[in-house]
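> There's a structure below that I have some questions on.
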Amino acid sequence: MEAKTGVFLCDCGRSLKNIDFTLLRGRVARLPGVVFIDLRSDLCLKEGLEALSAAVALQREGIDRVVIAACSPLARGETLRNALEEAGLAPNLIAWANLREQCSWAHDGDVTPKALSLIEMALGKARLLQPLKKAQIPVEQKVLIIGGGFSGLKAALELSRLGMGATLVEKGPQLGGRLREIESLYAGQASPGAMVSSLAQCALESGIEALTSAEVIGVEGTAGDFRVEIERDGERLRRTFGAIILAPGYEAEALPGAELKSKNIIPSSDFFKVLSQEQPPTRLAFILDVSDEHSRLPTLSALNNALMAKERLGSEVYVFAKNLKVDTEGAEKLYREARDKGVVFLKFEGKPRVVCDDGRVRIEARDVLLGEEVALDCDLLVMEEKALPAAKLASTLNLGTDPRGFYQEVNPHLFPIFSGRKGVYLVGSCRADLDFDRAAMDAAGAALEAYKLLSQGEVEVDRVRVDPDKCRVCLTCVRVCPHGAIGVVHAKPEKESARIYDLACDACGMCVAICPAKAIGYEGYDDDQILAEIEAVGA
Amino acid sequence: MEASSLVIGGGVAGMAAAVSLADSGVQVHLVEREPFIGGRVSLFSCKATDRCATCGVCLLPPMLSKTGTSRQLSLLTRSTLVGLTRRNGGFRAELLRRPRYVDPDRCTSCGVCLGVCPTGAIQKPFGEMAPSAYFIDEGKCLHFKGEGCVLCQERCPARAVAFDNGSKLELDVGAIIVATGFEPFEAGEKGSLGYGRYPKVLTGPDLESMFRREGALKLPGGKQPKDIAFIQCVGSRDESRGSGYCSQVCCKYAIRFARLIKHQDPEAKVTIFYIDLQTAGKGFAEFFEECQGVIRFARGVPVEVNEAPGDRLRVRVEDFAQGRQLEEVFDLVVLSTGITPRKDSWGLAKVLGINLDEYGFFESRDGIETNVEGVFLAGTCQGPRDIPGSIAHGLAAAERAVPFLGKVRREARR
Numbered sequence: 069m070e071a072k073t074g075v076f077l078c079d080c081g082r083s084l085k086n087i088d089f090t091l092l093r094g095r096v097a098r099l100p101g102v103v104f105i106d107l108r109s110d111l112c113l114k115e116g117l118e119a120l121s122a123a124v125a126l127q128r129e130g131i132d133r134v135v136i137a138a139c140s141p142l143a144r145g146e147t148l149r150n151a152l153e154e155a156g157l158a159p160n161l162i163a164w165a166n167l168r169e170q171c172s173w174a175h176d177g178d179v180t181p182k183a184l185s186l187i188e189m190a191l192g193k194a195r196l197l198q199p200l201k202k203a204q205i206p207v208e209q210k211v212l213i214i215g216g217g218f219s220g221l222k223a224a225l226e227l228s229r230l231g232m233g234a235t236l237v238e239k240g241p242q243l244g245g246r247l248r249e250i251e252s253l254y255a256g257q258a259s260p261g262a263m264v265s266s267l268a269q270c271a272l273e274s275g276i277e278a279l280t281s282a283e284v285i286g287v288e289g290t291a292g293d294f295r296v297e298i299e300r301d302g303e304r305l306r307r308t309f310g311a312i313i314l315a316p317g318y319e320a321e322a323l324p325g326a327e328l329k330s331k332n333i334i335p336s337s338d339f340f341k342v343l344s345q346e347q348p349p350t351r352l353a354f355i356l357d358v359s360d361e362h363s364r365l366p367t368l369s370a371l372n373n374a375l376m377a378k379e380r381l382g383s384e385v386y387v388f389a390k391n392l393k394v395d396t397e398g399a400e401k402l403y404r405e406a407r408d409k410g411v412v413f414l415k416f417e418g419k420p421r422v423v424c425d426d427g428r429v430r431i432e433a434r435d436v437l438l439g440e441e442v443a444l445d446c447d448l449l450v451m452e453e454k455a456l457p458a459a460k461l462a463s464t465l466n467l468g469t470d471p472r473g474f475y476q477e478v479n480p481h482l483f484p485i486f487s488g489r490k491g492v493y494l495v496g497s498c499r500a501d502l503d504f505d506r507a508a509m510d511a512a513g514a515a516l517e518a519y520k521l522l523s524q525g526e527v528e529v530d531r532v533r534v535d536p537d538k539c540r541v542c543l544t545c546v547r548v549c550p551h552g553a554i555g556v557v558h559a560k561p562e563k564e565s566a567r568i569y570d571l572a573c574d575a576c577g578m579c580v581a582i583c584p585a586k587a588i589g590y591e592g593y594d595d596d597q598i599l600a601e602i603e604a605v606g607a
Numbered sequence: 003m004e005a006s007s008l009v010i011g012g013g014v015a016g017m018a019a020a021v022s023l024a025d026s027g028v029q030v031h032l033v034e035r036e037p038f039i040g041g042r043v044s045l046f047s048c049k050a051t052d053r054c055a056t057c058g059v060c061l062l063p064p065m066l067s068k069t070g071t072s073r074q075l076s077l078l079t080r081s082t083l084v085g086l087t088r089r090n091g092g093f094r095a096e097l098l099r100r101p102r103y104v105d106p107d108r109c110t111s112c113g114v115c116l117g118v119c120p121t122g123a124i125q126k127p128f129g130e131m132a133p134s135a136y137f138i139d140e141g142k143c144l145h146f147k148g149e150g151c152v153l154c155q156e157r158c159p160a161r162a163v164a165f166d167n168g169s170k171l172e173l174d175v176g177a178i179i180v181a182t183g184f185e186p187f188e189a190g191e192k193g194s195l196g197y198g199r200y201p202k203v204l205t206g207p208d209l210e211s212m213f214r215r216e217g218a219l220k221l222p223g224g225k226q227p228k229d230i231a232f233i234q235c236v237g238s239r240d241e242s243r244g245s246g247y248c249s250q251v252c253c254k255y256a257i258r259f260a261r262l263i264k265h266q267d268p269e270a271k272v273t274i275f276y277i278d279l280q281t282a283g284k285g286f287a288e289f290f291e292e293c294q295g296v297i298r299f300a301r302g303v304p305v306e307v308n309e310a311p312g313d314r315l316r317v318r319v320e321d322f323a324q325g326r327q328l329e330e331v332f333d334l335v336v337l338s339t340g341i342t343p344r345k346d347s348w349g350l351a352k353v354l355g356i357n358l359d360e361y362g363f364f365e366s367r368d369g370i371e372t373n374v375e376g377v378f379l380a381g382t383c384q385g386p387r388d389i390p391g392s393i394a395h396g397l398a399a400a401e402r403a404v405p406f407l408g409k410v411r412r413e414a415r416r
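Chains as they are written, first to last, in our numbering: chain U, 69 to 607; chain V, 3 to 416.
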């Protein structure tokens with residue numbers, strides 16, 4: 069059936085003086101397939117929009133495609149698209165001729181011929197546009213959270229507030245993660261151990277399912293329908309989830325690069341044991357910036373621990389550091405308090421040396437403020453811990469990792485919680501070194517994204533689609549898809565074919581470009597549509 | 003009744019919150035004091051050399067166009083919140099709308115008015131600015147000087163110009179997200195550093211706008227500076243000024259600018275005076291390592307900047323070890339000024355009934371929730387954070403508002 073196109077010209081309040089709109093209107097009206105034409109000065113204003121929707125709604129001359137020949141679709145496109153959709157036209161059945169930014173404003177002198185060419189191109193494309201269907205895609209309204217530490221628990225609670233079900237999978241025997249063992253923090257904050265216990269308690273009470281001593285060993289499927297295999301006590305469970313939040317935290321390397329084994333050198337996560345020792349150390353030192361100079365977590369833990377040692381044990385306390393990372397809310401305040409309470413901070417350059425001598429530990433470093441070598445003997449040395457990646461599921465889920473091995477966000481600035489795959493979100497220390505506040509922001513953001521994904525109504529479907537008759541099942545598209553959105557199904561009883569899952573697809577077009585059989589189409593950018601545009605200008 | 007929400011402030015945090023809420027199906031009113039949304043970031047410059055410096059400034063245009071075109075979102079520019087009362091579990095907000103004189107719903111940005119305005123009072127939105135509608139600056143417009151000029155009004159083909167008065171608007175909203183941002187520290191307050199006295203003492207924000215305008219380091223009067231010093235922690239980590247916190251952004255912008263200056267002029271020497279370098283953050287470690295050989299990092303905070311012969315500047319630094327002062331001479335000194343609370347925070351806090359913290363930022367229990375149920379915080383109005391941090395904060399605030407709006411809706415139905 070021949071498409072019947074309505075063309076709407078707009079001269080932007082008669083301001084586009086170098087186009088002869090009367091002439092243009094006459095020429096366009098004679099072009100094949102044009103059943104209706106209107107010339108206005110106010111297409112994007114209330115009056116113009118009313119005229120536009122009336123013409124389409126009334127099926128004037130049976131309009132089933134629209135060409136808008138006006139300003140850039142980036143300027144008022146959304147307004148026009150909305151008006152046409154309300155009038156009953158599928159919003160993708162519109163082709164645009166940008167007569168303002170790309171024609172009138174771009175040139176001096178009469179540009180009526182170019183304007184005509186642009187309209188001819190748009191008409192060529194409009195003729196071949198196919199309406200996109202909208203449909204409700206069935207999804208499993210449940211979220212899998214991997215990791216039962218602070219970030220995972222926070223995400224679970226946020227989801228329950230939004231009324232979304234969730235299952236926590238924790239590899240340890242108990243929820244709470246790294247914080248569970250830390251009894252107290254300085255500055256009167258609630259004990260981290262108590263805080264995560266109460267988070268876990270709240271999560272369980274609000275109906276979150278928790279699987280402890282469990283690990284995810286396999287994930288198949290796509291957003292809305294992830295089929296997950298979980299191993300728990302030697303038993304295999306199969307579950308389906310709509311979205312996955314990754315919050316596995318990090319692995320800690322306790323004594324990075326320490327050749328010396330001594331009971332007087334401990335990793336910072338063991339510091340809480342010192343607090344309950346019968347014989348507290350009289351002189352205590354912390355070292356930072358040895359294994360990783362660019363992490364803020366060691367500074368935060370050393371400031372807390374140094375203050376606790378001062379307050380509870382009354383020890384002499386020294387902190388060796390290159391740069392204290394105080395770019396976290398409250399950190400500068402702790403730093404000042406530590407100095408006020410008598411903690412000595414030594415800024416070193418180069419690498420400090422640690423020597424063990426029966427029962428004593430000696431630290432030698434070049435102090436930058438004094439400009440000379442200093443040596444300090446102490447009873448106990450607390451070493452910073454280096455955060456190592458825990459991105460175990462990267463290959464299972466086809467996710468990228470950064471140069472240090474942590475999960476890579478799509479764009480760490482704009483979309484910090486988005487992985488490369490729809491429906492998979494990255495939260496907390498598995499993507500970067502984040503303090504409590506920053507991790508909590510991640511958890512909240514990811515929860516809302518999962519909620520939006522799984523509770524949306526109808527979405528456009530089949531924008532990118534496979535023609536099962538042309539598909540040779542070579543799997544090129546499956547391999548190239550960065551979003552894991554393509555699978556292979558029996559499209560017909562006798563024939564297998566690739567299939568694109570709408571919820572997981574990002575419409576990037578890579579599969580369209582690479583398919584050797586030209587079996588994948590992208591509505592609006594199909595080869596024949598683009599060729600029609602080129603042919604329209606006589607190429 | 004559908005509970006809508008009010009977002010105050012159209013910077014990156016406010017936009018992130020507003021778009022996220024709108025995507026969740028909530029009707030959003032985004033209130034902005036200025037004629038255009040975009041906030042502080044719209045004054046900042048890209049800091050890329052031949053490689054991206056991941057400063058995040060380029061995140062603004064896509065956010066602007068998304069905010070400007072979202073169907074669930076209405077932009078109320080040149081508006082401020084002046085009153086608030088509780089109603090049905092939510093709020094009734096009273097807004098003062100100052101006129102733009104060009105109706106954004108009618109302006110087609112055709113540019114006819116620009117050609118007829120005799121004084122340049124009518125201003126054009128450039129790039130992706132939202133709303134993409136013109137605006138009249140009363141200060142320059144002849145109409146407001148009693149000259150009765152109505153040229154633009156007569157010539158506007160869309161009849162979008164109207165010399166109307168401000169109006170009040172009342173809105174019933176379920177939740178409020180406050181994202182009013184910050185003010186850069188006023189460097190003049192640290193008199194000894196010479197800002198405002200010597201034209202070659204600039205601040206970080208000055209450098210941002212210079213690079214945004216010129217794309218390079220260009221001083222008025224011509225001579226290209228060869229010796230450049232950045233002074234960190236100006237107005238940050240300074241308990242004596244009530245700003246005993248780290249501003250979180252200055253080390254990074256200084257290092258990014260230093261690399262850019264070195265890239266544009268390899269002969270230039272750049273020194274950064276610092277207390278502690280804040281190099282944590284995704285990908286920043288690699289960037290910093292790369293800069294270490296090219297930029298000189300000097301520990302110590304300069305106490306005084308004076309004139310030196312040959313139109314140069316003498317910077318005095320305390321040398322703690324030797325108990326004396328060192329002096330170095332530079333062509334240009336940049337003060338890396340930090341983030342401070344807005345001076346008008348107190349007025350808004352009073353209208354909202356929320357508290358200020360010890361530094362003057364809005365106070366929050368957990369970074370988002372305030373002492374008033376239904377009022378949430380996002381971005382630098384709560385405390386210093388960088389662009390990505392502000393976006394993440396905006397998304398998190400939106401997440402908190404969604405279940406609260408559900409509650410308001412249920413109560414209203416009862």
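Beta carbons are placed, not taken as given, at the ideal position from N, Cα and C, and that holds for glycine.
Can you tell me whether DSSP reads U:I298 as helix, strand or coil?
U:I298: strand per DSSP, three-state reduction.
> Got a sec? Which residues, its chain only, sit under 7 Å from U:P260 by beta carbon, not counting five neighbours each side?
Around U:P260, the same chain offers L247, I250 and L253 as residues with beta carbons nearer than 7 Å, after the five sequence neighbours per side are excluded.
> Would you kindly report the start and end of the unbroken alpha helix (DSSP H) that includes U:M189?
For U:M189, the enclosing alpha helix (DSSP H) covers residues T180 to L196.
> Give the range of the beta strand (DSSP E) segment to which U:A278 is assigned.
E277 to L279
> Against chain V, does U:P484 count as a neighbour if the rule is that its beta carbon must be under 8 Å from one of theirs?
yes
> Measure the C-alpha to C-alpha separation of U:R533 and U:L323 and round it to an integer number of angstroms.
53 Å
> Could you tell me the distance, in whole angstroms, from the CA atom of U:D338 to the CA atom of U:P366?
In this structure, the straight-line span from the alpha carbon of U:D338 to that of U:P366 is close to 13 Å.
> Give the range of the beta strand (DSSP E) segment to which U:L571 is assigned.
Neither: U:L571 is in no beta strand (DSSP E) and is coded neither H nor E.
> Is U:D395 buried or exposed, if buried means 16 or more other CB atoms sit within 10 Å of its CB?
It counts as buried.
> Compute the Euclidean distance between the alpha carbons of U:A604 and U:A138, then round it to the nearest angstrom.
19 Å
> Report buried or exposed for V:D107, applying the criterion of at least 16 other Cβ atoms within 10 angstroms of its Cβ.
Under this definition V:D107 is an exposed residue.
> If you follow the beta strand (DSSP E) that V:F128 is part of, which residue opens it and which one closes it?
DSSP places V:F128 outside any beta strand (DSSP E), giving it a letter other than H or E.
> Could you work out which residue in U:K222, U:K85 and U:A194 is closest to U:A174 when comparing CA atoms only?
U:K85
> If I measure Cβ to Cβ from U:D178 and keep anything under 8 Å in the same chain, skipping five residues before and after, which residues do I get?
If you ignore the 5 residues before and after U:D178, its C-beta comes within less than 8 Å of the C-beta of N86, I87 and D88, all in its own chain and listed in chain order.
> Looking only at its chain, what residues have a beta carbon closer than 8 Å to the beta carbon of V:V303, apart from the 5 residues adjacent to it on each side?
I233, Q234, C235, F275, Y276, I277, V319 and E320.
> Count the CB pairs spanning the region 6-13 of chain V and the region 169-181 of chain V that are closer than 8 Å, and state whether there are at least three.
yes
> Please list, in chain order, the residues of the region 260-272 of chain U that have any C-beta partner in chain V closer than 9 Å.
none
> What beta strand (DSSP E) runs, 3 residues minimum, are completely inside the region 337-418 of chain U?
Runs found: 351-355 and 384-389.
> Identify each residue in the region 164-193 of chain U for which the Cβ-Cβ distance to at least one residue of chain V is less than 9 Å, and report them in chain order.
The residues in question are R168 and W173.
> Using DSSP with H/G/I as helix, E/B as strand and the rest coil, what is U:C171?
helix
> Taking the CB atoms as reference points, tell me whether U:V103 and U:I131 lie closer together than 8 Å.
Yes.
> Counting only the same chain and skipping the five closest in sequence on each side, list residues whose C-beta sits under 6 Å from that of U:P457.
So the list reads G473 and F474, once near-sequence residues are dropped.
> Can you tell me where the alpha helix (DSSP H) holding V:E413 begins and where it ends?
For V:E413, the enclosing alpha helix (DSSP H) begins and ends at I389 to R415.
> Is the shortest distance between the beta-carbon of V:R73 and the beta-carbons of chain U less than 8 Å?
yes
> What residue from V:V336, V:E330 and V:G340 has the CA that sits closest to V:F259's CA?
Checked all of V:V336, V:E330 and V:G340; the closest Cα to V:F259 is V:V336.
> From the DSSP secondary-structure annotation, give me the bridge partner or partners of V:F259.
BP columns for V:F259 are empty, so no partner.
> Which residues in chain U sit within 7 Å of V:A400, going by Cβ to Cβ distance?
L516
> At a CB distance below 7 Å, what residues from the region 143-166 of chain U approach chain V? Give them in sequence order.
A143, E146 and N150
> From the DSSP output, in three-state form, read off U:V102 for me.
strand
> Using 8 Å as the cut-off, can you tell me whether the region 528-547 of chain U makes contact with the region 586-594 of chain U, which would need three or more C-beta pairs spanning the two stretches below that distance?
A contact is defined here as three or more CB-CB pairs under 8 Å, and the region 528-547 of chain U meets this definition with respect to the region 586-594 of chain U.
> Looking at the structure shown, is U:I582 part of a helix, part of a strand, or coil, going by DSSP?
When DSSP states are grouped into helix, strand and coil, U:I582 belongs to the helix group.
> Anything in chain U within Cβ reach of V:P343, meaning under 7 Å, just list it in chain order.
Within chain U, no residue comes near V:P343; the closest Cβ sits about 14 Å away, beyond 7 Å.
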